[in-house]
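Residue numbers (the UniProt record's numbering), protein chains in the order written: chain C, 1 to 190; chain X, 1 to 190. Have a look at the structure below before the remarks.
Rendered as C-alpha cells:
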C-alpha cells in the first residue's frame, strides 16, 4: 500500500489548470502533523498560497535568484539539468493552482529533521489524492519569507507546488535495493 | 489511508523480543528508496544491524555519550524528559530485534533533506507492517560510524530500533490543524 504510493509517485513540474479541492491539501497537512518531532515540538507551519498575484511575485523572486545559479552550472549537475529539462524558469510556481510553503520553527530541537519527515508524509498523502508536486527549495528563502510576513524564528524549507499532473515524464530510475542495504556492517559504499 | 497510518503511528521505546520478518524491514527500505532526492542522487544507505554484540556496543557508546547531556538538562527539556520517562538509558538499542542505521551521502545536494523524506516513508511503511520504532539521533554519531566502518562521505543521521511494540503509552497530543495552516500570508505564528 505504502509501496504502491511511493513507487507511483514522481516529481512533477507541469500542472493542469484545474483546481483540486482544497480539502485534499488540508488532508495532506493533517497527515503531516501526525509525524514525530523532537520533544513533540511539532515545529512546522504550512502556508497554502492560492493568490495569483502572490504566486507571480514568488516566481519572480525565485527566477531572479536562480538565473545566475543555472548559468554557472557545470559537470554532472549541468548534465542532469539539461537531461531533465530543468532551467531557471519556474513556471510551476504560477502554473500550479496551489503552493504549500513549509516552514520549520528553528528554535525547536531537530526542527529540520522533523519538518522533512512531515514532507515525506505529505508527498505520500498527495499521491493518495491523485495530486502531484515537486519539492522545490528556493535559493533565497529569506526574500520569500519576507513577503509572507514570516516571523524571524521560522525558516522556509521548501515550496510544494500542488496540482494535477500535466507531465507524461517517466519516474527517474532508482537503484536496486541491494545497493542501499547493508547488514551489520557498512561494507564498501558507492 | 495514509492518514490512518500516520494517526495510529506513535514513537515506541519498548520492544517485544519476537523477531519480525526481515522482509518487513526490507519492504520499508524498498519504500524509502522511492523517495525523491536532489538530482535523483538517492543519497542514502541503510545498515540493518541484528548482531547482538554490535547492538550492545552501540548502546554502550550512546549511553556513555548521553549521560552528561541528561544530567545537565533543565527547564522545559527536563520536564519533557521526566514526563515521558526518557533518560540516558537506551535499552531500546539492545531490546529491539533490529536497528536500522540510516546514513546520508554528504556530497549529494540536499542530502539531509532527502534522507529525512525517506525516513518519513519508512515510518509509515513500518506502521503498515505493524512494526514500531523511534527516530533516535545519537549524540555522537561519529563514534558509531567508526565501528560500522563507515566511509568518510557518509553521515549517520538516525538509528531506528525496529520491533513489535511492548509499550501501552498514548501517542503525544498533536496541535489542531488550524494552528499550523495559514492561507496566503504568514499571520501570527505560535
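Yeah, the Cβ is synthetic: ideal placement off N, Cα and C, and Gly gets one too.
Cβ pair residue 45(C), residue 182(X) closer than 8 Å: As a first step, residue 45(C) must be located in the first chain, where it is residue number 45. As a first step, residue 182(X) must be located in the second chain, where it is residue number 182. Cβ atoms of residue 45(C) and residue 182(X): closer than 8 Å.
Among 71(C), 124(C), 178(C) and 77(C), nearest to residue 160(C) - alpha-carbon criterion: Working through the first chain from its first residue, we reach residue 160(C) at position 160. That would be 124(C), whose Cα lies nearest to the Cα of residue 160(C).
Close beta carbons around residue 94(C), own chain, < 6 Å, minus the five adjacent residues each side: Residue numbering aside, residue 94(C) sits at position 94 when the first chain is read from its first letter. Excluding positions up to five away in sequence, the list reads 55, 56 and 59.
For residue 133(C) and residue 172(C), the rounded distance between their alpha carbons: For the purposes of this step, residue 172(C) is identified with residue 172 of the first chain, where counting begins at 1. For the purposes of this step, residue 133(C) is identified with residue 133 of the first chain, where counting begins at 1. Here the C-alpha atom of residue 172(C) lies approximately 15 Å from the C-alpha atom of residue 133(C).
Residues within the stretch 36-60 of chain X neighbouring chain C, beta-carbon criterion of under 7 Å: So the list reads 36, 39, 40, 42, 44, 45, 46, 47, 48, 49, 50, 51 and 54, given in the order they occur along the chain.
Separation of residue 163(X) from residue 19(X), as counted between CA atoms: Counting from one through the second chain, the residue named residue 19(X) turns up at place 19. Counting from one through the second chain, the residue named residue 163(X) turns up at place 163. Rounded to the nearest angstrom, the two C-alpha atoms are 7 Å apart.
Residue 111(X) vs residue 105(X) beta-carbon contact at 8 Å: Reading the second chain from its first residue, position 111 is the one you call residue 111(X). Reading the second chain from its first residue, position 105 is the one you call residue 105(X). In contact: residue 111(X) and residue 105(X) (Cβ atoms closer than 8 Å).
Proximity test, Cβ basis, 8 Å: residue 172(C) and chain X: Against the first chain, residue 172(C) aligns to sequence position 172. Output row for residue 172(C): interface = yes.
Residue-chain proximity (residue 13(X), chain A), Cβ-Cβ < 8 Å: The chain labelled as chain A is not found among the protein chains of the depicted structure, namely C and X.
Proximal residues of chain C, C-beta to C-beta of residue 135(X) below 7 Å: Reading the second chain from its first residue, position 135 is the one you call residue 135(X). Taking a Cβ-Cβ cut-off of 7 Å, the neighbours of residue 135(X) in chain C comprise 36, given in sequence order.
Nearest-angstrom Cα separation, counted from residue 36(C) out to residue 166(X): Numbered from its first residue, the second chain carries residue 166(X) at position 166. Numbered from its first residue, the first chain carries residue 36(C) at position 36. Rounded to whole angstroms, residue 166(X) and residue 36(C) show a C-alpha spacing of 19 Å.
Given residue 24(X) as reference, the closest of 91(X), 177(X), 53(X) and 98(X) once Cα atoms are compared: Mapped onto the second chain, residue 24(X) falls at position 24. Checked all of 91(X), 177(X), 53(X) and 98(X); the closest Cα to residue 24(X) is 98(X).
Contact residues within the stretch 72-92 of chain X, judged by C-beta distance below 9 Å to chain C: Listed by position, the residues of the stretch 72-92 of chain X near chain C (Cβ gap below 9 Å) are 76, 77, 80, 81 and 84.
Whole-angstrom distance between residue 62(C) and residue 185(C), CA atom to CA atom: For the purposes of this step, residue 185(C) is taken as the residue at position 185 of the first chain. For the purposes of this step, residue 62(C) is taken as the residue at position 62 of the first chain. Looking at the two C-alpha atoms, the distance is approximately 43 Å.
Pairwise C-alpha distance: residue 149(X) and residue 142(C): On the first chain, residue 142(C) is found 142 positions in, with the first residue counted as 1. On the second chain, residue 149(X) is found 149 positions in, with the first residue counted as 1. Rounded to the nearest whole angstrom, the CA to CA distance from residue 142(C) to residue 149(X) is 39 Å.
Any C-beta of chain X under 8 Å from that of residue 130(C): The sequence position of residue 130(C) within the first chain is 130, counting from 1. Among the residues facing chain X, residue 130(C) is not included, as its CB has no counterpart in that chain under 8 Å away.
Start-to-end residues for the alpha helix (DSSP H) that takes in residue 141(C): In the first chain, counting from the first residue as 1, residue 141(C) sits at position 141. 141-147 is the extent of the alpha helix (DSSP H) around residue 141(C).
Contacting residues, own chain, Cβ-Cβ under 6 Å from residue 8(C) (five flanking each side not counted): The residue given as residue 8(C) occupies position 8 in the first chain. Taken in chain order, the list of residues that qualify is empty.
Buried/exposed call for residue 13(X), threshold 16 Cβ in 10 Å: Counted from its first residue, the second chain places residue 13(X) at position 13. The residue is buried, with at least 16 neighbouring Cβ atoms inside 10 Å.
Beta-carbon neighbours of residue 184(X), restricted to chain C and to distances below 9 Å: Your numbering for residue 184(X) matches position 184 in the second chain. Chain order gives the chain C residues near residue 184(X) as 47, 48, 49, 50, 51, 54 and 148, where near means a beta carbon separation below 9 Å.
For residue 100(C), the nearest candidate out of 10(C), 128(C), 6(C) and 137(C) (CA to CA): Taking the first residue of the first chain as 1, we reach residue 100(C) at position 100. A check of alpha carbon separations from residue 100(C) across 10(C), 128(C), 6(C) and 137(C) identifies 137(C) as the nearest.
Rounded straight-line distance, which links the Cα of residue 107(C) to that of residue 53(X): As a first step, residue 53(X) must be located in the second chain, where it is residue number 53. As a first step, residue 107(C) must be located in the first chain, where it is residue number 107. Straight across, the Cα-Cα distance linking residue 53(X) with residue 107(C) is about 37 Å.
Proximity test, Cβ basis, 8 Å: residue 163(X) and chain C: In the second chain, the residue the question calls residue 163(X) occupies position 163. Interface with chain C (8 Å Cβ-Cβ cutoff): residue 163(X) is excluded.
Cutoff 6 Å; reference residue 50(C); Cβ partners in own chain excluding five residues on either side: The residue labelled residue 50(C) in the question sits at position 50 within the first chain. So the list reads 98, once near-sequence residues are dropped.
Closer than 8 Å at the beta carbon, the chain X residues around residue 118(C): Counted from its first residue, the first chain places residue 118(C) at position 118. Per Cβ cutoff of 8 Å: 120.
Alpha carbon of residue 118(C) to alpha carbon of residue 116(X), nearest angstrom: Along the first chain, read from residue 1 onward, the residue named residue 118(C) stands at position 118. Along the second chain, read from residue 1 onward, the residue named residue 116(X) stands at position 116. Going by the C-alpha atoms only, they are around 9 Å apart.
Residue 41(C) - partner residues in DSSP beta bridges: Here residue 41(C) refers to the residue found at position 41 when the first chain is read from its first residue. Here residue 41(C) is not bridged, per DSSP, to any residue.
Proximal residues to residue 29(X) (C-beta, below 6 Å), its chain only, five neighbours per side dropped: To locate residue 29(X), count along the second chain from 1; it is residue 29. 46, listed in sequence order.
Chain C contact residues for residue 62(X), given Cβ-Cβ distances below 8 Å: In the second chain, the residue the question calls residue 62(X) occupies position 62. What residue 62(X) touches in chain C: nothing, since even the nearest Cβ is about 16 Å away.
Under the three-state DSSP convention, the category residue 3(C) falls into: Looking up residue 3(C) in the first chain gives position 3. Here DSSP, grouped into helix, strand and coil, assigns residue 3(C) to helix.
Residue of 26(C), 15(C), 4(C) and 22(C) minimising C-alpha distance to residue 178(X): Here residue 178(X) refers to the residue found at position 178 when the second chain is read from its first residue. Taking only the C-alpha atoms, the option nearest residue 178(X) is 26(C).
Cβ of residue 30(X) within 8 Å of any chain C Cβ: Along the second chain, one-based indexing puts residue 30(X) at 30. The beta-carbon of residue 30(X) is placed less than 8 Å from the nearest beta-carbon of chain C.
First through last residue of the beta strand (DSSP E) which encompasses residue 155(C): Counted from its first residue, the first chain places residue 155(C) at position 155. DSSP places residue 155(C) in the uninterrupted beta strand (DSSP E) bounded by 154-162.
Residue range of the unbroken beta strand (DSSP E) whose run includes residue 183(C): To locate residue 183(C), count along the first chain from 1; it is residue 183. Note, residue 183(C): beta strand (DSSP E), 181-183.
Exposure of residue 6(C), with buried meaning 16 or more beta-carbon neighbours within 10 Å: Here the question's residue 6(C) lines up with position 6 in the first chain. Flag for residue 6(C) reads buried.
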